[in-house]
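*Asks:* Residue numbers (UniProt numbering): 1 to 255.
Using N, Cα and C, we set each Cβ at its ideal position, and we do this for glycine too.
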Amino acid sequence: MALLPRGQPWPPIAPDVDFETIKEDLVQEIVTGNATIYGLNSRPSLVFKYQGTPREYELQKAAGDCAIQVRGRVLAQAGSNIYCYGFLMDRGLPINPLAPMTPQQRRDYVHQMVHQTELLHSKGIVHGDLKLGNMLIFGGIRFCDFADGRYVTEAEKKWAGNTTWYIESPNRHHRAEKLGCETVPPTKEDDLFGLGLSIWQLYTGKTPHEDLVWDSEALKTLGLNRQTVDVKQVKDDEVRNKIIELLRIGGAHIS
Numbered sequence: 001m002a003l004l005p006r007g008q009p010w011p012p013i014a015p016d017v018d019f020e021t022i023k024e025d026l027v028q029e030i031v032t033g034n035a036t037i038y039g040l041n042s043r044p045s046l047v048f049k050y051q052g053t054p055r056e057y058e059l060q061k062a063a064g065d066c067a068i069q070v071r072g073r074v075l076a077q078a079g080s081n082i083y084c085y086g087f088l089m090d091r092g093l094p095i096n097p098l099a100p101m102t103p104q105q106r107r108d109y110v111h112q113m114v115h116q117t118e119l120l121h122s123k124g125i126v127h128g129d130l131k132l133g134n135m136l137i138f139g140g141i142r143f144c145d146f147a148d149g150r151y152v153t154e155a156e157k158k159w160a161g162n163t164t165w166y167i168e169s170p171n172r173h174h175r176a177e178k179l180g181c182e183t184v185p186p187t188k189e190d191d192l193f194g195l196g197l198s199i200w201q202l203y204t205g206k207t208p209h210e211d212l213v214w215d216s217e218a219l220k221t222l223g224l225n226r227q228t229v230d231v232k233q234v235k236d237d238e239v240r241n242k243i244i245e246l247l248r249i250g251g252a253h254i255s
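1) Hey, is the segment 233-251 in contact with the segment 143-163, meaning 3+ C-beta pairs nearer than 8 Å?
2) Quick check: the Cα distance between residue 176 and residue 182, rounded to an integer number of angstroms?
3) Quick one, are the C-beta atoms of residue 142 and residue 105 less than 9 Å apart?
4) Suppose you measure from the CA of residue 172 to the CA of residue 21; what does that come to, to the nearest Å?
5) Rank 208, 102, 187, 178 by C-alpha distance to the C-alpha of residue 156 and give the top, closest one.
6) Between which two residues does the alpha helix (DSSP H) holding residue 239 run?
7) Name the two residues that bound the continuous beta strand (DSSP E) containing residue 28.
8) Starting from residue 74, trace the beta strand (DSSP E) in both directions and tell me its first and last residue.
9) Ordered along the chain, which non-local residues of its own chain (more than five positions away) have a Cβ less than 6 Å from that of residue 51?
10) Among the residues of its own chain, which have a CB less than 7 Å from the CB of residue 248, if the five just before and after it don't count?
11) What three-state label does DSSP hand residue 130 in the structure shown?
12) Could you give the distance in angstroms between the alpha-carbon of residue 38 and the alpha-carbon of residue 124?
13) With C-beta atoms as the reference, is residue 136 less than 9 Å away from residue 68?
14) Use the C-beta contact count for residue 122: other C-beta atoms within 10 angstroms, 16 or more gives buried, fewer gives exposed.
15) Quick one: give me the first and last residue of the beta strand (DSSP E) that residue 49 is part of.
16) Could you tell me which of 17, 210, 170, 43 sits nearest to residue 191, measuring between CA atoms?
17) Where does residue 36 sit, in a helix, a strand or coil, going by DSSP?
18) With C-beta atoms as the reference, is residue 195 less than 9 Å away from residue 138?
19) When the Cα of residue 97 is compared with those of 65, 110, 1, 77, which residue comes out closest?
20) Are residue 221 and residue 252 closer than 9 Å when you measure CB to CB?
21) CB residue 18 to CB residue 75, shorter than 9 Å?
22) Is it the case that the CB of residue 187 approaches a heavy atom of the ligand COA more closely than 8 Å?
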């Protein structure tokens, strides 16, 4: 939970809510590395992202129609301090690449994924963790989990996010290596590389580098060698060429 600056009104002003008013209504659904998703018994169309940060809330809100809509921060008071426990957002449906789909349905998803990424970038926002698991269906494809995002124009030193190892682009690995860092702030090009991997996963049903997902050193070596997934596993020529284009933007060498 994050301590908010002094001067926050209490009780919260809508759409923000007091955690005490919803805590008995929560049902745990998903636990991830940095957050827990709860459903609300009385409001099934919403979920509560526990440990979602004010920064993430701000970015997801600024993303507009590119993102699952946020519906207010969940706040708590302790003495004279006010904390953000997370936020409410619309409930989207995950994309299951193994579900039966027609070729046209998959292509429609690809077009939406590309369009939403371009639209997000036109708003001056880098998602920072663009992968299929962070794309949900809510009247079309929408992005979620902006915890690693940033504004394009802000100073890189302001970024305090992290990374998902298996979607890091070769260019990002090389920037980090040059600076002697474990990771560096994401760029639009890194998002496009993640988009390419997401489309590849949509068509193959496989997590990129699934045998190395937890091996950061092996993934780093892969990236520094500018290697990536086997694009030949995607049989649709047009889609495969789009994947190649996106992966090359991120620095991958594909023959």
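*Replies:* If we stick to the structure as given:
1) Taking 8 Å as the limit for Cβ pairs, the verdict is that the segment 143-163 does not touch the segment 233-251.
2) C-alpha separation (whole angstroms): 6 Å.
3) Contact check for residue 142 against residue 105 fails: the beta carbons are separated by 9 Å or more.
4) Whole-angstrom Cα-Cα distance: 43 Å.
5) Cα-wise, what sits closest to residue 156 is 187.
6) Segment 237-249, the alpha helix (DSSP H) holding residue 239.
7) Unbroken beta strand (DSSP E) run through residue 28: 26-31.
8) Note, residue 74: beta strand (DSSP E), 70-78.
9) Same-chain partners within the cutoff: 35, 86.
10) So the list reads 254, once near-sequence residues are dropped.
11) Correct three-state label for residue 130: coil.
12) Rounded to the nearest angstrom, the gap between the Cα atoms of residue 38 and residue 124 is 30 Å.
13) Cβ atoms of residue 136 and residue 68: closer than 9 Å.
14) When all chains shown are included, residue 122 counts as exposed.
15) Boundaries of the beta strand (DSSP E) harbouring residue 49: 46-50, taken from the DSSP string.
16) For the residues 17, 210, 170, 43, the minimum Cα distance to residue 191 belongs to 170.
17) Here residue 36 sits in strand by DSSP.
18) Going by C-beta atoms, residue 195 is not nearer than 9 Å to residue 138.
19) Just measuring C-alpha positions, the residue of 65, 110, 1, 77 sitting nearest residue 97 is 110.
20) For residue 221 and residue 252, no; Cβs fall outside 9 Å.
21) With contacts defined as CB atoms closer than 9 Å, residue 18 and residue 75 qualify as a contacting pair.
22) As far as ligands go, the structure on display features none, and thus does not contain the ligand COA.
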